[in-house]
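Written out below as structure tokens is the structure these notes cover.
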Amino acid sequence: MDTGSKDLISNLPDALLCHILSFLTTTEAASTSVLSKQWRYLLAFVTSLDFDDSIHDLPEMGIQKRPHFNDFVDKVLALQGNASLNRFSLRCNIGSDPSRVNGWILKVLDRGVVDLDLCISSENKYLLPPQVLMSKTLVKLRVACKNEFTIDVGEVSLPKLKTLHMNDVGFADETGAVFAKLVSSCHALEELVMDKTMWDLWDSCSVSSPSLKRVTIYSENIDDKNPKSVSFNTPNLISLDFSDIVAVKYPKVSFDSLVEASLGIRMRPDQVFYARDLVHQHYGYKLSEVGDATDFLMGISNVKKLYLSYEALEVLTFCCKAIPVFKNLMHLTVQTDQEVDRELMPNLLKNCPNLETLVFEGLHYGDTNQCQDDRYRFKETNKCWDGDGNRCLCKPWEGTPIWLSSSPVKKLKVLRFGEIFSYLDDMDKQIDLIEYFVETMTNLEEVILYYDAPSDGDLEIVSKAFQRLEKVASTKCKIQVISDDISFSFTVYSTSSTAGLVFSKNTFPV
Numbered sequence: 001m002d003t004g005s006k007d008l009i010s011n012l013p014d015a016l017l018c019h020i021l022s023f024l025t026t027t028e029a030a031s032t033s034v035l036s037k038q039w040r041y042l043l044a045f046v047t048s049l050d051f052d053d054s055i056h057d058l059p060e061m062g063i064q065k066r067p068h069f070n071d072f073v074d075k076v077l078a079l080q081g082n083a084s085l086n087r088f089s090l091r092c093n094i095g096s097d098p099s100r101v102n103g104w105i106l107k108v109l110d111r112g113v114v115d116l117d118l119c120i121s122s123e124n125k126y127l128l129p130p131q132v133l134m135s136k137t138l139v140k141l142r143v144a145c146k147n148e149f150t151i152d153v154g155e156v157s158l159p160k161l162k163t164l165h166m167n168d169v170g171f172a173d174e175t176g177a178v179f180a181k182l183v184s185s186c187h188a189l190e191e192l193v194m195d196k197t198m199w200d201l202w203d204s205c206s207v208s209s210p211s212l213k214r215v216t217i218y219s220e221n222i223d224d225k226n227p228k229s230v231s232f233n234t235p236n237l238i239s240l241d242f243s244d245i246v247a248v249k250y251p252k253v254s255f256d257s258l259v260e261a262s263l264g265i266r267m268r269p270d271q272v273f274y275a276r277d278l279v280h281q282h283y284g285y286k287l288s289e290v291g292d293a294t295d296f297l298m299g300i301s302n303v304k305k306l307y308l309s310y311e312a313l314e315v316l317t318f319c320c321k322a323i324p325v326f327k328n329l330m331h332l333t334v335q336t337d338q339e340v341d342r343e344l345m346p347n348l349l350k351n352c353p354n355l356e357t358l359v360f361e362g363l364h365y366g367d368t369n370q371c372q373d374d375r376y377r378f379k380e381t382n383k384c385w386d387g388d389g390n391r392c393l394c395k396p397w398e399g400t401p402i403w404l405s406s407s408p409v410k411k412l413k414v415l416r417f418g419e420i421f422s423y424l425d426d427m428d429k430q431i432d433l434i435e436y437f438v439e440t441m442t443n444l445e446e447v448i449l450y451y452d453a454p455s456d457g458d459l460e461i462v463s464k465a466f467q468r469l470e471k472v473a474s475t476k477c478k479i480q481v482i483s484d485d486i487s488f489s490f491t492v493y494s495t496s497s498t499a500g501l502v503f504s505k506n507t508f509p510v
């Protein structure tokens, strides 16, 4: 069909045009009023408003000398009257007088806003209007601040609220009671996200809600103190993403329905120093004032999918009376670090009797035995340094292969294989580790290495190093190297038609 120069967009129904405008910032949407008479009044019917004072002037679009931001917001809200509103997003610096901004918030609450997104900077402490916590229509609430954004809880009635996001938000007391009341009073709440949470000074931190399905908490600790008490009473929670310093105690941990968890729990910096000191380990020195994560980790032990940061791996060893048995765990991802002892892994994997997929995020380990120093040569298996004095010959987990040979793992993945951070990293060690896994893990069916190869020459070196793996690997095991930078691909088959070594070009997993 020949449309010529006809304006097809303007022929669309007004309701559809308003829906299109809802994907723009309100400043951008307002600029369309100059297009034609039809567009002049469309802004009055847009049900999603997005105000951002940092982009109020858009010189690249020819939008300059706009009215003052506050006046612009006033005019748009006046233009729309009391029409129902789906979403209201506000990002602005209010200076020292919050009255005007609070007026806007109360206005959209009166209009029955469903999705409220506030990011407010203030010269003084900004207190969220209490009317926000009494909304009968809010389904999503996001609050954030670049200075001091404070929530005080008197009465709470948010019967429809399903999503609550809080970023760098404080509460009016340090007991933790205000936060606990807020969460427990949202009876329809399904998702809770807290970023830059500073609760280490609270008397207790409690997340209690039978309706919650997803929780994300990234805690920041002002003085690197262990939180006194952290509790989770969330029996219907499905997904947990939790990062925090280990608490002194976890009085209540209820994760009866938990399916997947991502843990970034960690020790204090001073505790990490002493935990990694091999002299302290050898002579049995105990860490003082360390938190106890036993109850928390027992609470999540029914998960099917688990991600552990390298810090969380250390917590399992140094802050647990005993590593729990993860009887349902089928997919485990472990972040590695050159400062973390590789020997922390066996005790964990021995307690994963049904694990099918094991993923390493990086394959780093340094000379944690510190063989170059006579004072640290505590293990009889240490072979120490080679003749050139530049590489430790100690093998990973040498003499303890039982936990690997009996492992049920069928698929092994290594993300960022070949990544080198410092002189402590060693490509030869990474290849040795892969060879050790392939040789020892008899149930392996597939090994996938995501390799960021610097050049085809480096890839050829790796391919030659892996040729010998076919002599030790199970005939049912397929080894695949995937890289964005490969300009060639080839396959070397073993005696089994289903096994072999495959190199291919692909993208890295997200």
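Per this note's numbering, the very first residue in the sequence shown carries number 1; after that it's consecutive.
Heads up, the beta-carbon is just placed ideally off N, CA and C, and yes, glycines get one too.
All figures in this text were calculated on a predicted structure; none of them were measured in a lab.
- Message: Spatial neighbours of Y310 within its chain, please: C-beta separation below 7 Å, excluding the five flanking residues on both sides.
- Response: Counted from its first residue, the sequence shown places residue 310 at position 310. Correct list, in chain order: Q335, T336, D337, V340.
- Message: Please classify N233 as buried or exposed, where buried requires at least 16 neighbouring CB atoms within 10 angstroms.
- Response: Within the sequence shown, residue 233 is the residue found at index 233, counting from 1. With 16 or more other Cβ atoms within 10 Å, it is buried.
- Item | Contact under 9 Å by Cβ, V183 with S219 | As a first step, residue 183 is located in the sequence shown; it is residue number 183 there, counting from the start. As a first step, residue 219 is located in the sequence shown; it is residue number 219 there, counting from the start. Against a cut-off of 9 Å, the Cβ pair of S219 and V183 comes out as no contact.
- Item | Segment limits, alpha helix (DSSP H) that includes I105 | As a working note, residue 105 is residue 105 in the sequence shown. Run containing I105: 99-110, per the alpha helix (DSSP H) assignment.
- Query: Pick from L237, S135, E356, L133: whose alpha carbon is nearest that of L411?
  - Reply: In the sequence shown, the residue the question calls residue 411 occupies position 411. A small correction: the amino acid at residue 411 is Lys; Leu does not occupy that position in the sequence shown. Shortest Cα-Cα distance from K411 to any of L237, S135, E356, L133 involves E356.
- Query: S122 and F88: beta carbons closer than 9 Å?
  - Reply: The residue given as residue 122 occupies position 122 in the sequence shown. The residue given as residue 88 occupies position 88 in the sequence shown. No, the pair does not count as a contact, with Cβ atoms beyond the cut-off.
- Task: Output yes or no for whether 9 Å exceeds the beta carbon distance between V259 and I238.
- Result: Counting from one through the sequence shown, the residue named residue 259 turns up at place 259. Counting from one through the sequence shown, the residue named residue 238 turns up at place 238. Contact: yes.
- In terms of alpha-carbon separation, which member of A312, Y126, F149, L141 lies closest to K162? Reading the sequence shown from its first residue, position 162 is the one you call residue 162. Out of A312, Y126, F149, L141, L141 has the C-alpha closest to the C-alpha of K162.
- Taking 8 Å as the cut-off, is the CB of R111 close to at least one heavy atom of the ligand ATP? Absence of the ligand ATP is noted for the structure shown, with no ligands found whatsoever.
- Closer than 8 Å by C-beta to I245: which residues in its own chain qualify, once you throw out the five before and the five after it? Chain order, please. Along the sequence shown, one-based indexing puts residue 245 at 245. Taken in chain order, the residues that qualify are D200, S219, N221, D224, K225, N226, P227, I265, R266, M267, R268, G291.
- Query: Going by DSSP, what residues sit across from N443 in a beta bridge?
  - Reply: The residue given as residue 443 occupies position 443 in the sequence shown. For N443, which the question treats as bridged, DSSP gives no partner whatsoever.
- Query: Considering only the beta carbon of each residue, do D53 and N82 sit closer than 9 Å?
  - Reply: Position 53 of the sequence shown holds residue 53. Position 82 of the sequence shown holds residue 82. With contacts defined by Cβ atoms closer than 9 Å, D53 and N82 do not form a contacting pair.
- Are T175 and D195 close, meaning C-beta to C-beta below 9 Å? Along the sequence shown, one-based indexing puts residue 175 at 175. Along the sequence shown, one-based indexing puts residue 195 at 195. Contact flag unset, no.
- Message: Once DSSP output is grouped into helix, strand and coil, what is the label at K213?
- Response: Residue 213 sits at position 213 when you count from the first residue of the sequence shown. K213 falls in the coil class under three-state DSSP.
- Item | N-terminal and C-terminal residue of the beta strand (DSSP E) that K411 is part of | As a working mapping, residue 411 is identified with position 411 in the sequence shown. Looking at the DSSP string, the run of the beta strand (DSSP E) that includes K411 is 411-417.
- Task: For L118, I'd like the list of residues in its chain whose CB is within less than 6 Å of its CB, leaving aside the five on either flank, ordered along the chain.
- Result: Translated into positions along the sequence shown, residue 118 becomes position 118. Within the same chain, L90, V143 come within 6 Å of L118 by CB-CB distance, once the 5 residues on both sides are set aside.
- For D71, three-class secondary structure by DSSP: To locate residue 71, count along the sequence shown from 1; it is residue 71. Three-state DSSP puts D71 in a helix.
- State buried or exposed for R100, treating a residue as buried only when at least 16 other CB atoms are found within 10 Å of its CB. What you label residue 100 is simply residue 100 of the sequence shown in a count that begins at 1. R100 comes out exposed.
- Task: Could you tell me which uninterrupted beta strand (DSSP E) segments, each at least 3 residues in length, are contained entirely in the segment 303-371, listed from first to last along the chain?
- Result: 305-308, 331-335, 357-361
- Determine which residues share a DSSP beta bridge with M194 and list them. Start at 1 with the first residue of the sequence shown, and residue 194 comes out as number 194. Partner(s): M166, I217.
- Task: Kindly indicate which three-state DSSP category Y450 falls into: helix, strand or coil?
- Result: Locating residue 450 in the sequence shown gives position 450, counting from the first residue. Three-state result, Y450: strand.
- Item | Euclidean distance between Cα positions of K252 and F296 | If you number the sequence shown from 1, residue 252 lands on position 252. If you number the sequence shown from 1, residue 296 lands on position 296. If I take the Cα positions, the gap works out to 8 Å.
- Quick one: is L363 buried, meaning 16 or more other Cβ sit within 10 Å of its Cβ, or exposed? The residue given as residue 363 occupies position 363 in the sequence shown. Buried: at least 16 other Cβ atoms inside 10 Å.
- Message: Using the Cβ count rule (16 or more neighbours within 10 Å means buried), how would you classify I55?
- Response: Position 55 of the sequence shown, counted from the start, is the residue given in the question as residue 55. Exposed, by the Cβ-count rule.
- Could you give the distance in angstroms between the alpha-carbon of L449 and the alpha-carbon of P346? The count along the sequence shown starts at 1 and reaches residue 449 at position 449. The count along the sequence shown starts at 1 and reaches residue 346 at position 346. About 21 Å.
- Query: According to the Cβ coordinates, are N236 and S262 closer than 9 Å?
  - Reply: As a working mapping, residue 236 is identified with position 236 in the sequence shown. As a working mapping, residue 262 is identified with position 262 in the sequence shown. The answer is no: Cβ separation not under 9 Å.
- Query: Can V481 and M427 be called in contact, C-beta distance under 9 Å?
  - Reply: Along the sequence shown, read from residue 1 onward, the residue named residue 481 stands at position 481. Along the sequence shown, read from residue 1 onward, the residue named residue 427 stands at position 427. No, the pair does not count as a contact, with Cβ atoms beyond the cut-off.
- Determine the direct distance from the alpha carbon of L164 to that of K75, and round the result to whole angstroms. The sequence position of residue 75 within the sequence shown is 75, counting from 1. The sequence position of residue 164 within the sequence shown is 164, counting from 1. Cα to Cα, the separation comes out at about 29 Å.
- Task: Can you tell me which of the three DSSP states W385 falls into?
- Result: In the sequence shown, residue 385 corresponds to position 385, counting from 1. Here the model assigns W385 a pLDDT of 47, short of 50, so the residue's position is not dependable and the matter cannot be decided.
- Query: Relative to the alpha-carbon of L77, which residue among D50, G95, D173 has its alpha-carbon at the smallest distance?
  - Reply: On the sequence shown, residue 77 is found 77 positions in, with the first residue counted as 1. For the residues D50, G95, D173, the minimum Cα distance to L77 belongs to D50.
- Roughly how many angstroms separate the alpha carbons of C145 and V272, rounded to a whole number? As a first step, residue 145 must be located in the sequence shown, where it is residue number 145. As a first step, residue 272 must be located in the sequence shown, where it is residue number 272. If you take the alpha carbons of C145 and V272, they lie about 31 Å apart.
- Message: The alpha helix (DSSP H) that contains S184, what's its start and end?
- Response: For this step, residue 184 is matched to residue 184 along the sequence shown. Element bounds for S184: 177-184.
- What's the gap between the Cα of A84 and the Cα of G112? Indexing the sequence shown from 1 puts residue 84 at position 84. Indexing the sequence shown from 1 puts residue 112 at position 112. The question names Ala, but residue 84 in the sequence shown is Ser. About 6 Å.
- Query: What residues are listed by DSSP as bridge partners for F242?
  - Reply: Within the sequence shown, residue 242 is the residue found at index 242, counting from 1. DSSP, once it has assigned bridges, lists I217, L263 as partnering F242.
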